[in-house]
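Using mature numbering (1 follows the signal peptide of the UniProt record, and there is no 0), the letters of the sequence shown correspond one by one to residues -26 to -1, 1 to 532. Let me begin by presenting the structure, written as structure tokens, before commenting on it.
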Amino acid sequence: MKINTIKNRLLAWGKTTLFFAGLAFATSCEDALQEDVISQIGTQYLNTPKGIDDAVNAAYSTMRVWYGTERGNNFTEFGTDIYTNGADGSWKFMNTYTNQFDSQNGHVRELWDELYRGINTCNAVIERAPNVTGMDATTRAQRIAEAKFIRAHHYFLMVQLFGPVELRITETIIPTNEVSRTPESEIYTSIIQDLNDAIPNLEDRKASNQYGRATKYAAEHLLGRVHITKATSSSGAGDDYSKAEVLLKDVIQNSGLRLLDDFGDVHAFGNEINDEIIWSVQYTRSPLTNGGGNNAHVFFLMEYDTQPGMQRDTENGRPFKRYRPTVYALETVFQNRENDSRYKKSFKDTYLSNRPGTYNTTFDTSKPSLTFATGDTTMFLPGFEMSAAERALRPYQVLVPSMYDEKLFPALTKHLDPGRVDRTQFEGGRNYLAMRLADTYLLLAEAQFRQGKLAEATESINAVRRRAAWPGKEAQMEITPDQFTFEFLMEERARELTGEQTRWLDLKRWGNLVERVKQYNPQAAPNIQDFHTLRPIPQNQIDRAAGNESGFPQNPGY
């Protein structure tokens, strides 16, 4: 079974060209994404059943501008209460909120343009598919529903990041500079309408044999998040939380999904297709058609490869040292390690020698030198201040919290990709786990808490906490309704979802981004201001609008 894809580059305010890239799902035991390249196809191709199929899959490919990229991670992990900058990279200003973060930002421009490319492709599918002859009615309805899911996803992301943007729900064939910023309320109305339209015509996960397509439950999960986010926006309605609760309960109760027994298995390499994943963005191992690849594997790692007894390898990853956990994340969020397994199963604490020999020690001066054979422990991160006397007894270096710096810190293991062809490869091939059931439970707990349903909210959050417990510690992990505070919920989302491109959006939704960054992120605290709850509109968008900034105003502060 193959599903070819087409990537439509005829977009609003863009160049009048078409580029077609084929993405295909190839089956073995499970479906996995592969790509073929198709070029020199005119716009009439979209008026065929095959063209509609390919266009929908091309729209899916625009998800890759966000998920698993440095771009997507910079927008969501940097500048929060749980991640700050490491030693390397030219994007530190996105953590520190300096005036370098402006309308000329390349990430902003690339994200804006690619999301609108995807939106325009969806618009073409939605408009053209009803008139395509020779297309099975069920397939037609499903493809239109998928296009509405993708369009809603993209607009939801944009309205959270930029506020009012141009809402365009008809296909743009000839570029135009007649654009304006649509009120947020109208954008949310369109997003909700798209998802409500899509849900009845999307496949049930249990019936789908094409992994990676949006399902009914992916749309319900997304719509639940939309309502929870809308509730705290200027467009909030009194029934947003109750609507979210119904949707999220349906995902939990009827999707056939379940929380995996072991938190560590959720992100285990090779287990990307599992019973907790609602929807994931597909990547491949083909260097020809994987685009930039899933690059999340490089950003959260410390500089292990220059330390005694170590060299870079595919198992430990290529350490870019971009994102470093804050003291708050390590010492408060992940404080309970006796009962909660998520610190141990999220961060790497032991390194084994892949470069044997005798070396002088570097950071751990409790002993002058050490000798390692292949496979010996070279470094251990206990997570607490082990005394120098105790460290001196260990035949390896011990990295304690007081020694953490921008190069040496606990490395997140969720995204490691030892399947890369060599230790330098940047373009990873793991699927990006964009929606999973633990997040559904936590969103449900949030919706219930906001409605004053403390008993129900407590049971929702306890489902996640029991799964996170060390064996035999389940009872100790449960909380009671009187222990359920919003601060606890914020920390629970950090414990479960750290490094999964949610945190900045969470803080924005809760209205406490500036407050918590000032409190917990010392690098960002001096510069962050209230206007940073929106990102800058890219300058090239303003320049190509009729009237420039008078026609398409910049966000305040930029």
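Every residue gets a Cβ at the ideal spot worked out from N, C-alpha and C, and that includes glycine. All values reported here derive from a predicted model rather than from experimental measurement.
Could you have a look at residue i and say whether DSSP puts it in helix, strand or coil?
i	result
Asp456	helix
Phe526	coil
Gln513	helix
Leu131	helix
Arg89	Per the sequence presented here, residue 89 reads as Leu, with Arg not at that position. Helix.
Leu275	coil
Gly46	helix
Gly223	Note on identity: in this sequence residue 223 is Lys, with Gly being the wrong assignment. Three-state result, Lys223: helix.
Phe400	coil
Met451	helix
Glu9	Legend: pLDDT at Glu9 = 39, less than 50; position of this residue unreliable, value from coordinates given subsequently. Strand.
Lys204	helix
Thr1	Summary for Thr1: the model assigns pLDDT 26, below 50, so the residue's position carries little reliability, and this model does not support an answer.
Arg102	helix
Asp314	strand
Leu386	strand
Gly521	coil
Gln503	coil
residue 541	Nothing in the structure corresponds to residue 541, since the chain is present only between -26 and 532.
Which residues in the same chain as residue i place their Cβ atom closer than 6 angstroms to its Cβ, once the five residues preceding and following it in sequence are excluded?
i	result
Ala520	Asn151 and Glu152
Ala362	Ser340
Met109	Pro23
His506	Tyr71
Met360	Val372 and Val374
Ile93	Arg125 and His128
Arg439	Met451
Arg296	Gly60, Gly63 and Phe273
Ala218	Gly198, His201, Ile202 and Ala421
On the DSSP letters alone, give me the boundaries of the alpha helix (DSSP H) that residue i sits inside.
i	result
Gly25	Pro23 to Ser35
Ile165	Glu158 to Ala172
Met68	Phe67 to Thr70
Tyr494	Leu487 to Tyr494
residue 564	In this structure the chain extends from -26 to 532, so residue 564 is not present and cannot be described.
Lys435	Here the sequence assigns Ile to residue 435, which means Lys is not the residue at that position. Run containing Ile435: Leu428 to Ala442, per the alpha helix (DSSP H) assignment.
Trp478	Arg477 to Trp484
Phe237	Phe237 to Val240
Arg365	Ala362 to Ala366
Check the C-beta distance from residue i over to residue j and give it rounded, since I have them as a contact under 8 angstroms.
i	j	result
Phe243	Lys319	Actually they are not in contact, since the Cβ atoms of Phe243 and Lys319 sit about 13 angstroms apart, beyond 8 angstroms.
Leu373	Gly291	Going by Cβ atoms, the distance from Leu373 to Gly291 rounds to 17 angstroms, so no, they are not a contact pair.
Pro512	Trp86	5 angstroms
Arg329	Gln285	4 angstroms
Thr58	Arg298	6 angstroms
Asn529	Phe136	7 angstroms
Val82	Arg509	6 angstroms
Ala188	Leu176	6 angstroms
Phe458	Leu428	6 angstroms
Asn69	Gln497	6 angstroms
Got a sec: is the Cβ-Cβ distance from residue i to anything in chain B below 8 angstroms?
i	result
Ala192	Absent from the structure: chain B. Only one protein chain is present.
Leaving out the 5 sequence neighbours to the left and right, which residues in its chain are closer than 7 angstroms to residue i when beta-carbon positions are compared?
i	result
Asn405	Glu246, Ser254, Val255, Gln256 and Tyr257
Asn522	Ile516
Glu140	Val153, Ser154, Arg155 and Thr156
Val30	Val99, Arg117, Glu120 and Ala121
Arg397	Arg286, Asp287, Thr288 and Arg292
Gln134	Thr203, Leu479 and Lys482
Tyr532	Asp76, Ser77 and Pro510
Ala499	Val491 and Lys492
Val395	none
Ser434	Tyr415, Leu418, Ala419 and Gln422
Ordered along the chain, which non-local residues of its own chain (more than five positions away) have a Cβ less than 8 angstroms from that of residue i?
i	result
Asn436	Met451, Glu452 and Ile453
Glu250	Leu231, Arg232, Leu233, Leu234, Val240, Arg410, Leu411 and Ala412
Asp214	His201, Ile202, Lys204 and Ala205
Asn313	Ala443, Trp444, Lys447, Gln450 and Met451
Determine the extent of the beta strand (DSSP E) in which residue i is found, giving its start and end residues.
i	result
Gly331	Gly331 to Asn334
Val255	Ile251 to Val255
Ala408	Tyr406 to Arg410
Thr345	Ser343 to Phe346
Asn59	Tyr57 to Asn59
Leu355	Leu355 -> no beta strand (DSSP E), and no H or E assigned at all.
Arg298	Tyr297 to Pro299
Leu326	Thr324 to Leu326
Meets three-Cβ-pair contact criterion under 8 angstroms: the region 219 to 231 and the region 410 to 418: yes
State whether the region 481 to 495 contacts the region 349 to 362, with contact taken as three or more CB pairs (one from each stretch) at a distance under 8 angstroms. no
Would you check if the region 116 to 127 and the region 94 to 101 touch, i.e. whether three or more CB-CB distances between them fall below 8 angstroms? yes
Is there contact here, the region 412 to 432 with the region 287 to 305, by at least three beta-carbon pairs under 8 angstroms? no
Cβ contact check for the region 33 to 52 and the region 265 to 283: 3 or more pairs under 8 angstroms: yes
Segment contact, 8 angstroms Cβ cut-off, at least three pairs: the region 474 to 489 with the region 50 to 61: yes
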